[in-house]
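J.: The sequence shown begins at 1 in UniProt numbering and counts up one residue at a time.
We treat Cβ as the ideally placed atom computed from N, Cα and C, and that holds for glycine.
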Amino acid sequence: MYSTTVLNADSSQLCAQLVGRLLPYIKCTSSDQYPVLKKLVVAAVEDRSPPLTPLHPLSHIPGGPHLLSMDGHRDRVSCVSTVLVKGGGGSQEGMSLVIMTGSWDKTLKSWDLGTSGVLKTFDGHSDRVLSLALSANGTYAVSGSDDKSVRYWSVASAECVHVMRGHTAAVTAVAVTRDGSNTISASSDATVKVWNTDSNSSSRGQLIYTHRDLKRPVLAAVLRGSSLAVGTSNGKISLLHIVSGQVMRAVQGHDRAVTALATEEVEGHCHLVSGSAGGEVKVWDFSNFDLLHSLTRDSSEGISSISIGTNGRLIVANGQREAGMWDLKTGTHLYDLPPHSSDIYCTVMADSGRLAITGSSSPSLTVWDSLSPPVQHTTRLHPGEDISTVALSGCGGLGVSTSHTGSICVFDTEAMSPIRRLQPHSAAVTQVLVYKDGNKLFSASKDGTLCLWNGETGEILTKFEENNSSINCMAITGTKDLLMTGAEDGEVAFWSIETGKKLRMFSEHTSGVLTVAFISQSKDQFMLSASHDGSLSIREFHSSKVVVSTLSHSDDLVSTGIAPNSMFMVSGSRTGLGYAVSLPHGTLMATLVGHTASITSLRVFPDSSRCVTGSRDQTIRVWTIDDARCTAVLHTDEPVLACDVNYNNIILYGTEGGWVSTAAYQSDLSKPNTLVSQLNIRDSPEFKTGSSSSAAPTPPHSRADYCHMMRTTNRPIISTRLKRTNPHQYHSQK
1 MYSTTVLNAD SSQLCAQLVG RLLPYIKCTS SDQYPVLKKL VVAAVEDRSP PLTPLHPLSH
61 IPGGPHLLSM DGHRDRVSCV STVLVKGGGG SQEGMSLVIM TGSWDKTLKS WDLGTSGVLK
121 TFDGHSDRVL SLALSANGTY AVSGSDDKSV RYWSVASAEC VHVMRGHTAA VTAVAVTRDG
181 SNTISASSDA TVKVWNTDSN SSSRGQLIYT HRDLKRPVLA AVLRGSSLAV GTSNGKISLL
241 HIVSGQVMRA VQGHDRAVTA LATEEVEGHC HLVSGSAGGE VKVWDFSNFD LLHSLTRDSS
301 EGISSISIGT NGRLIVANGQ REAGMWDLKT GTHLYDLPPH SSDIYCTVMA DSGRLAITGS
361 SSPSLTVWDS LSPPVQHTTR LHPGEDISTV ALSGCGGLGV STSHTGSICV FDTEAMSPIR
421 RLQPHSAAVT QVLVYKDGNK LFSASKDGTL CLWNGETGEI LTKFEENNSS INCMAITGTK
481 DLLMTGAEDG EVAFWSIETG KKLRMFSEHT SGVLTVAFIS QSKDQFMLSA SHDGSLSIRE
541 FHSSKVVVST LSHSDDLVST GIAPNSMFMV SGSRTGLGYA VSLPHGTLMA TLVGHTASIT
601 SLRVFPDSSR CVTGSRDQTI RVWTIDDARC TAVLHTDEPV LACDVNYNNI ILYGTEGGWV
661 STAAYQSDLS KPNTLVSQLN IRDSPEFKTG SSSSAAPTPP HSRADYCHMM RTTNRPIIST
721 RLKRTNPHQY HSQK
């Protein structure tokens, strides 16, 4: 389980993990039906009182299909094979499930479902393992590799019994006959080879024959009895007889390469399912290659893997992070598995189709209950996409999230429900900014475009002149209606908000500009820019005179945050280190040490005393600036790509896979916990008596009420990191 992995590394996360997993059940519409869970959450929070408390569920919650995840490979899991054999415990009485995987780390591994751990590691291949098959009795395994060899292994001892060489290119598919006497290998050298693997034969491990008539690289193959279905790079599917070597039939199955094949007998009928690089999935009659039906999919992403269970469940994975369950007989889509955090490369249906196993580039192996559809989750605002940036309103009631595809979502943070969706850009949105009355928003994109649009109607008001390079960041000047931008080519520019014209520009940096800002200290006004290579440039705003032009540190930067009091800047690097730099002099003040992967996003708290960082190490951390101390950590289920914080200390964050969620930071743990106050649990009848009521009461002066007040008084509905550069302006809006 995800929580098990977190708690093994950090036991202090128990309360946060408990809350994050149970929130869907105590915040659902009929929330009063879970009084025991409510009491459990309150007891946990009040007893352990975590400084960072989830206000919305973590990505993976109990009650859905996810059973467990297993880690052990050092590179992507490229192939998986299972067989149910007699002996041991397992999922059926008197049976045990043998699970093996192959990886780009050049190894194979066998796994124990009971401990979620590795049983044995199989070393021998000198290049990536691409294909794998188990014998029917689970005694032997066969693997194919980029090293052009086929290896025959003892599952019990992890010893390589035979190495079979002869292919001149990568071995893309392998199979073993039911009696184990023959092994078949297919390769991108356009050949299929049949090998002798009969344990009673003196010529075991020897080549029997090679089929050379396919003419195109073989990318997929599946064995049924003595018939081998092969898919080639030209979209053709052929059926070979492995004894005679004859092509029994062939069909032009797809317009593009056949990348996946699977076969199974369901209700007396043998089916063949094929998937292509063009995203097509077709179901065929194995005996005559008649097309039975095609699966209607929303995505055109290439198919990476297909597997069928004997119960007629079909799992289809594309080359991205999505896998769906289908009914083989009818071609009906049943449901999608919760999104993976990385690309899916292999799948298998096990235990008569009751289990589905997926392998990904994370690199992990995930086991699913194929009969349990996912619990409805409201926080996946950008399905199948990565979050590129988020922004939170001052009161915390409204949020904006953007994705790497250019989509923008304005949503209610209480219910995590979209209010409006926009698609003004063709590439990732790098930043959003609020303008004047709060109902107009700027958006910048990697496609080089800038837009000013009406946040209420979605109408684009001004489309600025296109830039030749990605617009990475922007800021609104405090004295004039000018927009300041930084681009990937190192250019810093000023634009007229009224006309959308570029007024002046500076070639400040030799690498991409990471942040720009307008800062004001007493009577002095400056314009700041910082780049990925760690260089910092500060100019007087009116004269453009260079005040600072230096390399603040040599680390590769990916995120920054400017303090609302304009006294310092904090930046995050690819190495996981953070740096606080004084302004306007650019002197290094402190180094933040704690993250183990790239700091992808960073924001300074409105009171300028702390900052929050999000990282690919799947954590959110809160730091004090004066002593560079980490005061709170929250572990997430996916890499964190964006974060923001408002003056109620509500943190909004977005992750890989399109998840958006919130957490509350509490510096004074003696005060009532934000989550308990928000849910109003202590005053609810079911908390006191355990009885049910028609609906959970809404606390007076809730976040929703406060946000309504903010909107009706024409105050900004979205607050971003550079909106309030003047601390007096912030205090006046409290």
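Throw me the rounded Cβ distance for the T53 and V19 pair, which I believe falls under 8 Å.
T.: Rounded, the Cβ-Cβ distance is 6 Å, consistent with contact.
J.: With L281 and V316 assumed to form a contact (beta carbons below 8 Å), what rounded beta-carbon distance in angstroms separates them?
T.: Contrary to the premise, residue 281 reads as Val rather than Leu in this sequence. Yes, they are in contact, since the Cβ atoms of V281 and V316 sit about 6 Å apart, within 8 Å.
J.: Tell me whether Q17 sits in a helix, a strand or coil according to DSSP, three-state version.
T.: Q17 falls in the helix class under three-state DSSP.
J.: Check each candidate in S149, V118 and L337 and name the one with the smallest Cα separation from S131.
T.: Minimum Cα distance to S131 is reached at S149.
J.: Pairs of beta-carbons, one from the stretch 135-155 and one from the stretch 184-197, closer than 8 Å: are there three or more?
T.: With a cut-off of 8 Å, the stretch 184-197 and the stretch 135-155 count as touching, because enough Cβ pairs lie within range.
J.: Hey, out of S549, L583 and S559, whose CA is closest to N565's CA?
T.: When each option's Cα is compared against that of N565, the closest is L583.
J.: Which residue comes first and which comes last in the beta strand (DSSP E) that contains N472?
T.: Element bounds for N472: I471 to I476.
J.: Per the DSSP calculation, W453 is bridged to which residue(s)?
T.: For W453, which the question treats as bridged, DSSP gives the partners L441 and I460.
J.: Kindly give me the distance between the Cβ atoms of S388 and A428, rounded to whole angstroms, as I take these residues to be in contact under 8 Å.
T.: Between A428 and S388 the Cβ distance is about 5 Å, and since that is below 8 Å, they are a contact.
J.: At which residues does the beta strand (DSSP E) containing H241 begin and terminate?
T.: Looking at the DSSP string, the run of the beta strand (DSSP E) that includes H241 is K236 to H241.
J.: Ignoring anything shorter than 4 residues or poking outside the stretch 110-158, list the alpha helix (DSSP H) runs there in chain order.
T.: Qualifying alpha helix (DSSP H) stretches: none in this window.
J.: What residues in its chain sit with their C-beta under 7 Å from that of R610, if we drop five residues either side in the sequence?
T.: Within the same chain, R610 has close Cβ partners V622, W623, T624 and I625.
J.: Out of curiosity, what's the CA-to-CA distance linking E264 and F286?
T.: Using only the alpha carbons, I get a separation of about 9 Å.
J.: Measure from the alpha carbon of V640 to the alpha carbon of each residue in N439, A628, R629 and T655, then state which is nearest.
T.: Comparing Cα positions, the closest option is T655.
J.: Could you pull out every residue in the same chain whose Cβ sits closer than 6 Å to the Cβ of S11, ignoring the five residues on either side in sequence?
T.: Excluding positions up to five away in sequence, the list is empty.
J.: Hey, out of L240, N182, Y209 and D524, whose CA is closest to S201's CA?
T.: Considering only alpha carbons, the answer is N182.
J.: Would you give the residue range spanned by the beta strand (DSSP E) that W284 belongs to?
T.: Run containing W284: V281 to D285, per the beta strand (DSSP E) assignment.
J.: Which residue from G455, C473, T457 and Y435 puts its Cα closest to that of T449?
T.: Considering only alpha carbons, the answer is C473.
J.: Starting from the C-beta of N137, find all residues in its chain whose C-beta is less than 8 Å away, skip the five residues before and the five after it, and write them out in chain order.
T.: Result list for N137: V83, V85 and G180, in chain order.
J.: Taking the alpha-carbon positions, what's the S535 to R165 distance?
T.: Each residue's alpha carbon lies about 54 Å from the other.
J.: Around the Cβ of R504, are there at least 16 other Cβ atoms within 10 angstroms (buried) or fewer (exposed)?
T.: Exposed, by the Cβ-count rule.
J.: Helix or strand or just coil, what does DSSP make of S543?
T.: Residue state, collapsed to three classes: coil.
J.: Checking the sheet assignment: what are the DSSP bridge partners for R249?
T.: R249 pairs with L239.
J.: Considering only residues of the stretch 284-316, which uninterrupted beta strand (DSSP E) runs meet the minimum length of 3 residues and lie entirely inside it, listed in chain order?
T.: You should have 291-294 and 303-308.
J.: Excluding the 5 residues preceding and the 5 following S549 in the sequence, name in chain order all residues of the same chain whose CB lies nearer than 7 Å to its CB.
T.: Counting only Cβ-Cβ distances below 7 Å, and skipping sequence neighbours, we find S537.
J.: How would you call T698, buried or exposed, if buried means at least 16 neighbouring beta carbons within 10 angstroms?
T.: Low confidence applies to T698: its pLDDT is 33, below 50, so where it sits in the model is not reliable, and the reading given next is rough at best. The residue in question, T698, is exposed, as its Cβ has fewer than 16 Cβ neighbours within 10 Å.
J.: DSSP on S693, reduced to helix/strand/coil?
T.: Its pLDDT being 35, under 50, S693 is placed unreliably by the model, and the measurement read from it follows with that caveat. Coil.
J.: My assumption, with CB atoms under 8 Å, is that G279 sits in contact with S300. Please give the rounded CB distance.
T.: About 4 Å; that satisfies the 8 Å criterion.
J.: Between which two residues does the beta strand (DSSP E) carrying L228 extend?
T.: That run of the beta strand (DSSP E) goes S227 to T232.
J.: Three or more C-beta pairs closer than 8 Å, one from the stretch 358-368 and one from the stretch 378-385: is that the case here?
T.: No, because fewer than three Cβ pairs between the stretch 358-368 and the stretch 378-385 fall closer than 8 Å, the two stretches do not touch.
J.: Any idea what DSSP makes of L40, helix, strand or coil?
T.: Three-state DSSP puts L40 in a helix.
J.: D556 and S571 - do their beta-carbons sit closer together than 7 Å?
T.: No, these two residues do not count as a Cβ contact at 7 Å.
J.: Between V593 and the rest of its own chain, which residues show a CB-CB distance below 7 Å, the 5 nearest in sequence each way excluded?
T.: Closer than 7 Å at the Cβ level, and outside the excluded window around V593, lie L577.
J.: First and last residue of the beta strand (DSSP E) that includes K502?
T.: Element bounds for K502: K502 to S507.
J.: Do A590 and A628 count as a contact pair if the criterion is CB distance below 7 Å?
T.: Against a cut-off of 7 Å, the Cβ pair of A590 and A628 comes out as a contact.
J.: Which residues does DSSP pair with D162 in a beta bridge?
T.: Just to set this straight, residue 162 is His in the shown sequence, not Asp. Paired residues: Y152.
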